[in-house]
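Engineer: Line by line, the protein sequences give chains A and B.
According to the UniProt record's numbering, the first sequence holds residues 1 to 560 in order.
According to the UniProt record's numbering, the second sequence holds residues 1 to 560 in order.
Got a structure here, written out as structure tokens. Questions coming.
2 protein chains.
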Amino acid sequence: MNAPFPPAEARRALIERHAPLIEAAIKAVSARAAWSPFKDSPSTKIHGPDKPVAGKAAFEAQLNRPFDLDLPGVIDRVGSEVSPFTGKALGITYPRCDPEALIAAGQTAWPDWRAADPELRLALCAEMAMRLYDANFEMAQAVMHVAGQSYTQAFSGSGPNALDRGIEALAYAAKAMRDVTRSARYERDFAGEAVSLDKTYVLVPRGIGLVICCASFPTWNAYPALFASLATGNPVILKPHPIAALPMAIVARECRRVLADFGFDPNLITLAVDTLAEPVAQVLVDHPAVQIVDFTGSPRYGGHLERTVTGKLLFTETAGVNTVVVESVADLDAAARAVARAASLFSAQMCTSPQVVYVTLALAEPFAAALVAQIDAIAEDPALAAGIMGAVQGEVSLKAVADVRGAVERRPGVRVLREAAPYAHPQFPQARTLTPLVLGVAGSAPDLYAEEHFGPVLFVVTMEADAAVAEATHLARTKGSISSYLYSTDEAFIDRSTPLYEQAGANLTINLTGAMWINFAAAYSDYHVSGLNPAGNACLADLAFVAARFRIVQRRRPTA
Amino acid sequence: MNAPFPPAEARRALIERHAPLIEAAIKAVSARAAWSPFKDSPSTKIHGPDKPVAGKAAFEAQLNRPFDLDLPGVIDRVGSEVSPFTGKALGITYPRCDPEALIAAGQTAWPDWRAADPELRLALCAEMAMRLYDANFEMAQAVMHVAGQSYTQAFSGSGPNALDRGIEALAYAAKAMRDVTRSARYERDFAGEAVSLDKTYVLVPRGIGLVICCASFPTWNAYPALFASLATGNPVILKPHPIAALPMAIVARECRRVLADFGFDPNLITLAVDTLAEPVAQVLVDHPAVQIVDFTGSPRYGGHLERTVTGKLLFTETAGVNTVVVESVADLDAAARAVARAASLFSAQMCTSPQVVYVTLALAEPFAAALVAQIDAIAEDPALAAGIMGAVQGEVSLKAVADVRGAVERRPGVRVLREAAPYAHPQFPQARTLTPLVLGVAGSAPDLYAEEHFGPVLFVVTMEADAAVAEATHLARTKGSISSYLYSTDEAFIDRSTPLYEQAGANLTINLTGAMWINFAAAYSDYHVSGLNPAGNACLADLAFVAARFRIVQRRRPTA
Chain A
1 MNAPFPPAEA
11 RRALIERHAP
21 LIEAAIKAVS
31 ARAAWSPFKD
41 SPSTKIHGPD
51 KPVAGKAAFE
61 AQLNRPFDLD
71 LPGVIDRVGS
81 EVSPFTGKAL
91 GITYPRCDPE
101 ALIAAGQTAW
111 PDWRAADPEL
121 RLALCAEMAM
131 RLYDANFEMA
141 QAVMHVAGQS
151 YTQAFSGSGP
161 NALDRGIEAL
171 AYAAKAMRDV
181 TRSARYERDF
191 AGEAVSLDKT
201 YVLVPRGIGL
211 VICCASFPTW
221 NAYPALFASL
231 ATGNPVILKP
241 HPIAALPMAI
251 VARECRRVLA
261 DFGFDPNLIT
271 LAVDTLAEPV
281 AQVLVDHPAV
291 QIVDFTGSPR
301 YGGHLERTVT
311 GKLLFTETAG
321 VNTVVVESVA
331 DLDAAARAVA
341 RAASLFSAQM
351 CTSPQVVYVT
361 LALAEPFAAA
371 LVAQIDAIAE
381 DPALAAGIMG
391 AVQGEVSLKA
401 VADVRGAVER
411 RPGVRVLREA
421 APYAHPQFPQ
431 ARTLTPLVLG
441 VAGSAPDLYA
451 EEHFGPVLFV
461 VTMEADAAVA
471 EATHLARTKG
481 SISSYLYSTD
491 EAFIDRSTPL
501 YEQAGANLTI
511 NLTGAMWINF
521 AAAYSDYHVS
531 GLNPAGNACL
541 ADLAFVAARF
551 RIVQRRRPTA
Chain B
1 MNAPFPPAEA
11 RRALIERHAP
21 LIEAAIKAVS
31 ARAAWSPFKD
41 SPSTKIHGPD
51 KPVAGKAAFE
61 AQLNRPFDLD
71 LPGVIDRVGS
81 EVSPFTGKAL
91 GITYPRCDPE
101 ALIAAGQTAW
111 PDWRAADPEL
121 RLALCAEMAM
131 RLYDANFEMA
141 QAVMHVAGQS
151 YTQAFSGSGP
161 NALDRGIEAL
171 AYAAKAMRDV
181 TRSARYERDF
191 AGEAVSLDKT
201 YVLVPRGIGL
211 VICCASFPTW
221 NAYPALFASL
231 ATGNPVILKP
241 HPIAALPMAI
251 VARECRRVLA
261 DFGFDPNLIT
271 LAVDTLAEPV
281 AQVLVDHPAV
291 QIVDFTGSPR
301 YGGHLERTVT
311 GKLLFTETAG
321 VNTVVVESVA
331 DLDAAARAVA
341 RAASLFSAQM
351 CTSPQVVYVT
361 LALAEPFAAA
371 LVAQIDAIAE
381 DPALAAGIMG
391 AVQGEVSLKA
401 VADVRGAVER
411 RPGVRVLREA
421 APYAHPQFPQ
431 ARTLTPLVLG
441 VAGSAPDLYA
451 EEHFGPVLFV
461 VTMEADAAVA
471 EATHLARTKG
481 SISSYLYSTD
491 EAFIDRSTPL
501 YEQAGANLTI
511 NLTGAMWINF
521 AAAYSDYHVS
531 GLNPAGNACL
541 ADLAFVAARF
551 RIVQRRRPTA
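Here it is in structure tokens:
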């Protein structure tokens, strides 16, 4: 092993500097109260006037230029990002690398990392999170212009909220690794002979971790996967979606700098940019050196991985059908507003967006009317729409909504309550926007809504409340669900409904209205994905998310 | 839910009674010093004169009779056990059940168990362990006469040592479940509005756990799997090897009694006895209700499961090639004796039995001579041989040794250092016995020893020590290894060797001689199977062994 550079002192200081953060995160995941080391508002009152300007300038300076990453095995440069806000190509090119070279480089970098004190690895991951927080105004611009998130959502949801998920994973990595004592004295009598053994327990990482990111919300699942694998000693290859590479390129840049600053080989984190025509994910998944796969994305490819990957750790988050059941409400407008906002947020391109709203016959008309009115109130206020809905990332989502609209034309029992339509973005006139299509459905019609439609479409289904819970939880069990919602003033109804949600592995939000987005999932407090239904097998975050990313090897010998 | 019978008071008392045991086990797995709540000697000085007699009587009373288990869906009765000691059929028949009926019964029993306080589930598992300890003299007879273990080994290795592995798994189950707070108050400001949510976190078990047991050492891996799945809320189906059903039938009998005694449906634990002609394992593995599979047995079927099972939790322990490297020794006879005893114990039918002994050229002649002398010393003393070697469970192991013997006939570079031969068992003249075949091999010959030969055969390979470590760790990486052994007086050699063992995921015992069996793996102290090589993916026991057997489902609602 090479002598560490900079000296061991800097590494020790880093462990000390971030120890309080790790401790606070461990306390937070135990107590599950609200906590974060970050501020999730982009307000200049918090960050000062310069950082937003500098972040935007950094993003703009990057446009139409090669992204500077000194990766191994570069074949050529590729890039095909188009801003959903401007409609223009970003013009950024990324090194496309030979997957074998990325793997070989990770393996070359591995021994020093594997041998490093786990506490140092935790501290370096914490340092990466801090650097990424520092770079978050640039990241917000990047996420806006590849994914279509609004500025505020890109700043918060793809910044601090996502980094919190990463630090949450670090907390569990710390707990799992600290759970293993590093040495023991074993003393016992065997057949009258006193035996004393000294035992050593070594944490041995599994192998290269592959992090396959989605296009619409790349950082939120990438940070926990990255930090969980890295902290437990594994090199990581980040595989961004080809139409949303910039956020992961920024992550790779910042994290590689941290590694280099503290004397580690930056190739512990590399970036595998590919193209839609020549995807590289499966090559990496199949490589024997890749031992951990974290996937976020489509149920189609996620399901393929779930059915085919064996002998490796696989963590998935795909999608499902999120439902709202409205049995009774204390304040109809407040409930309708809560659902309307959740259905409008990022034009329903979130894994927590509701898609089906079940309403009792008595409430059907007034609730649907209030829901449409609340969506209209957002859609007709361009500044509000821009802040909430942002842009639609891909044509595919426009098509998804159009397909649904076509399928219900003249279909008995289905009424169009609200047509989807673009709104005029106040800042980006070329923005690809779409406000929600709202359909009224007279009774169960799973052929219409039992699969995820990835775009702004909401089905308002009239159904008796217990039947609605039965169908909602059946959909969760069979199609997956990440967030389910229930409104009722009847405690007996709630009490008989919650076990059904539990058995379907559906995380449930009850009677939430007001300023908090009902589909906001807070790191350290809200578990995200239960692993009990087809929406994915990975929970953010629990011990199971980290405990198998490293293994334990022991040796023992008679006490000297 | 039915009113608990007996009353809740009895359940509370049970939790209190076993709480100190669980706490002590948690302390033990943290400190990893020597600890056990049991005595692992069958001595009447410890247990009194009556229990051994009663245990033997219970076993003998069971011979040639139907085993009484009130299982659901009984098709017929089957039984094909033959004692390796007497050569006679045990004549015990077991109910063979429709697998669908076992699964349906487990699912019917599930809701009360799922809803039970995790602390009660832990206490009930602890109670099962205590009842099994009480029944251990009967169990020892059962294990002897299905597996061929000697009386003392059957008592200790398949009794307290195995129960310790079970309680160790309970300790981790307790840690993982207690790590999840059951409720939290979340308070945070959103856009100037104070939001307060009450959150509830529910532990939800995954589904039916299937425990597939091996024939030669059935209880040792079954207990941890059984208790890990059961304590975390899952029903369990025990699938014994058809030629070694009795131990698991006793386990099912005792555990079902405990469940019934405390008002739970005994069908939470059922027994799926099958026949060699009509195996049932795959039917159960493939059933969607089975969500956890614990397998111990052959690399062939274990490898099949590892390559095909997706979407379920799979824990395996199969086998590998365990090696000894002898670089230099402080006391040649002591080292040779240690290896000889390990190679003789249970006629090498253990997952920790050494198969290949690498010796330097300088040591080759004296070490091989000492090794053979030590094995002879055991083999030629019938009482000692009976206590150490026991019997050979299956004809297949006699054939394995004969096949090796045939393959080396007239092979250049291979010398027969010691012929395998039966020893005369002092108590059971019909016992199927075989003392080790010892072969001297002049240099690397992986075609001879790179696969596990399941029987008493030892290859003594002359090789330079660093090359030997390289080959031994290569075998571990590629063929699997559960226990590796090293003898050296050169600390520099040890220091450069240990990283290779670590990277191969090979648990290493260095310079151990004396009364403790070098292949003894102590629960609470020794990790068993690293999961980093083909010998299996399940570590006994770590957090990863339990953390994913349950999942977490949450609900949240505004504070009242």
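Heads up, the beta-carbon is just placed ideally off N, CA and C, and yes, glycines get one too.
Does the stretch 242–249 of chain B come close enough to the stretch 274–284 of chain B to have 3 or more Cβ pairs within less than 8 Å?
Structural biologist: Result yes; three or more Cβ-Cβ pairs closer than 8 Å.
Engineer: What residue from A:Asp40, A:Glu187, A:Val441 and A:Ala421 has the CA that sits closest to Arg432 of chain A's CA?
Structural biologist: When only C-alpha atoms are compared, the closest one is A:Ala421.
Engineer: Determine, using beta-carbon pairs with one atom in the stretch 262–271 of chain A and one in the stretch 104–113 of chain A, whether at least three such pairs fall under 8 Å.
Structural biologist: With the cut-off at 8 Å, the stretch 262–271 of chain A and the stretch 104–113 of chain A touch.
Engineer: Buried or exposed: Gly440 of chain A, going by 16 or more other Cβ atoms within 10 Å of its Cβ?
Structural biologist: The residue in question, Gly440 of chain A, is buried, as its Cβ has 16 or more Cβ neighbours within 10 Å.
Engineer: Thinking Ile208 of chain A and Gln282 of chain A are a contact (beta carbons under 8 Å), I'd like their distance in whole angstroms, please.
Structural biologist: Not a contact, Cβ separation roughly 15 Å.
Engineer: Quick check: is the beta carbon of residue 562 of chain B nearer than 8 Å to any beta carbon in chain A?
Structural biologist: Residue coverage of chain B in this structure runs from 1 to 560, which leaves residue 562 of chain B outside it and unanswerable.
Engineer: With a threshold of 8 Å, are at least 3 pairs of Cβ atoms found where one atom belongs to the stretch 543–559 of chain A and the other to the stretch 538–547 of chain B?
Structural biologist: Enough Cβ pairs lie closer than 8 Å, so yes.
Engineer: Closer than 7 Å by beta-carbon distance: list the chain B residues that pair up with Pro558 of chain A, in chain order.
Structural biologist: Here the neighbours are Asn511 and Leu512.
Engineer: If you compare alpha carbons, which of B:His47, B:Arg415 and B:Val438 is closest to Ala135 of chain B?
Structural biologist: It is B:His47.
Engineer: List, in chain order, every chain A residue whose beta-carbon is nearer than 7 Å to that of Ile552 of chain B.
Structural biologist: Correct list: Tyr527, Ser530, Cys539 and Asp542.
Engineer: Does DSSP classify Lys199 of chain A as helix, strand or coil?
Structural biologist: In the structure shown, Lys199 of chain A sits in a strand (DSSP, three-state: E or B).
Engineer: Let me make sure I understand the geometry here. Which of A:Glu380, A:Asp490, A:Thr435 and A:Val356 has the alpha-carbon closest to that of Asp447 of chain A?
Structural biologist: If we check each option's Cα against that of Asp447 of chain A, A:Val356 comes out closest.
Engineer: Can you pull the chain A neighbours of Gly320 of chain B, defined as C-beta to C-beta under 9 Å?
Structural biologist: Neighbours of Gly320 of chain B on chain A: none; closest Cβ ~14 Å, over 9 Å.
Engineer: Alpha carbon to alpha carbon, what distance is there between Pro205 of chain A and Leu203 of chain B?
Structural biologist: Going by the C-alpha atoms only, they are around 28 Å apart.
Engineer: Using DSSP bridges, identify the partner residues of Cys97 of chain A.
Structural biologist: DSSP lists A:Val74 as partners of Cys97 of chain A.
Engineer: Going by beta carbon distance, what residues of the same chain come within less than 6 Å of Ala123 of chain B, once the five residues before and after it are set aside?
Structural biologist: If we look at Ala123 of chain B and ignore the five residues flanking it on each side, its Cβ neighbours are Leu14, Ile15 and His18.
Engineer: State buried or exposed for Pro436 of chain A, treating a residue as buried only when at least 16 other CB atoms are found within 10 Å of its CB.
Structural biologist: So Pro436 of chain A counts as buried.
Engineer: Helix, strand or coil for Tyr485 of chain A, going by three-state DSSP, please let me know.
Structural biologist: Tyr485 of chain A: strand per DSSP, three-state reduction.
Engineer: Just to confirm my understanding: we take Ser80 of chain A, look at its own chain, exclude 5 residues before and 5 after, and list those with CB closer than 8 Å. What are they?
Structural biologist: The residues are Ala89, Pro242, Ile243, Thr275 and Leu276.
Engineer: So if DSSP puts Gln554 of chain B in a beta bridge, which residue, or which two residues, is it bridged to?
Structural biologist: Its beta-bridge partners are B:Tyr201.
Engineer: Please name the residue, chosen from B:Val404, B:Val195, B:Phe59 and B:Glu471, that lies closest to Ser497 of chain B on a Cα-to-Cα basis.
Structural biologist: If we check each option's Cα against that of Ser497 of chain B, B:Glu471 comes out closest.
Engineer: Ala370 of chain A: which of A:Asp331, A:Gly303 and A:Lys312 sits nearest, CA to CA?
Structural biologist: Among A:Asp331, A:Gly303 and A:Lys312, the Cα nearest to that of Ala370 of chain A belongs to A:Asp331.
Engineer: Would the stretch 217–228 of chain A and the stretch 68–75 of chain A be scored as touching if the rule is three or more Cβ pairs under 8 Å?
Structural biologist: As far as the Cβ criterion goes, the stretch 217–228 of chain A does not touch the stretch 68–75 of chain A, which means the pair count is below three.
Engineer: What residues in the stretch 483–509 of chain B have a beta carbon less than 8 Å from any beta carbon of chain A?
Structural biologist: Answer in chain order: Thr498, Tyr501, Glu502, Gln503, Gly505, Ala506, Asn507, Leu508 and Thr509.
Engineer: Buried or exposed for Lys175 of chain B, going by 16 or more other Cβ atoms inside 10 Å?
Structural biologist: Per the 10 Å Cβ criterion, buried.
Engineer: Closer than 8 Å is the cut-off here; do at least three beta carbon pairs connect the stretch 297–305 of chain A with the stretch 511–520 of chain A?
Structural biologist: Verdict: no, contact absent.
Engineer: Note down, in chain order, every chain B residue with its Cβ under 9 Å from the Cβ of Phe190 of chain A.
Structural biologist: What Phe190 of chain A touches in chain B: Gly514, Ala515, Met516, Trp517 and Phe520.
Engineer: In chain order, what residues of the same chain lie with their CB nearer than 8 Å to the CB of residue 567 of chain A, ignoring the 5 residues before and after it?
Structural biologist: Since the displayed chain A opens at 1 and closes at 560, residue 567 of chain A lies outside it and no answer follows.
Engineer: Check the DSSP bridge columns for Ile292 of chain A and list the partner residues they point to.
Structural biologist: For Ile292 of chain A, which the question treats as bridged, DSSP gives the partners A:Gly209 and A:Leu313.
Engineer: Check Leu448 of chain A in the structure and name its three-state DSSP category.
Structural biologist: Helix at Leu448 of chain A.
Engineer: Helix, strand or coil for Asp189 of chain A? Go by DSSP, reduced to three states.
Structural biologist: Note: Asp189 of chain A maps to strand in three-state DSSP.
Engineer: Run through chain A and tell me which residues come within less than 8 Å of Lys199 of chain B, C-beta to C-beta.
Structural biologist: Here the neighbours are Arg32, Ser525 and Asp526.
Engineer: What three-state label does DSSP hand Val273 of chain A in the structure shown?
Structural biologist: Coil.
Engineer: The stretch 356–370 of chain B: which residues have C-beta closer than 8 Å to a C-beta of chain A, in chain order?
Structural biologist: Under the 8 Å Cβ criterion, the stretch 356–370 of chain B contributes no residue.
Engineer: In the structure shown, what three-state DSSP assignment does Asn2 of chain B receive?
Structural biologist: With a pLDDT of 47 at Asn2 of chain B, under the threshold of 50, the modelled position of this residue cannot be trusted, and the question is left open.
Engineer: Identify the continuous alpha helix (DSSP H) that holds Ile167 of chain B and give its terminal residues.
Structural biologist: Element bounds for Ile167 of chain B: Pro160 to Arg178.
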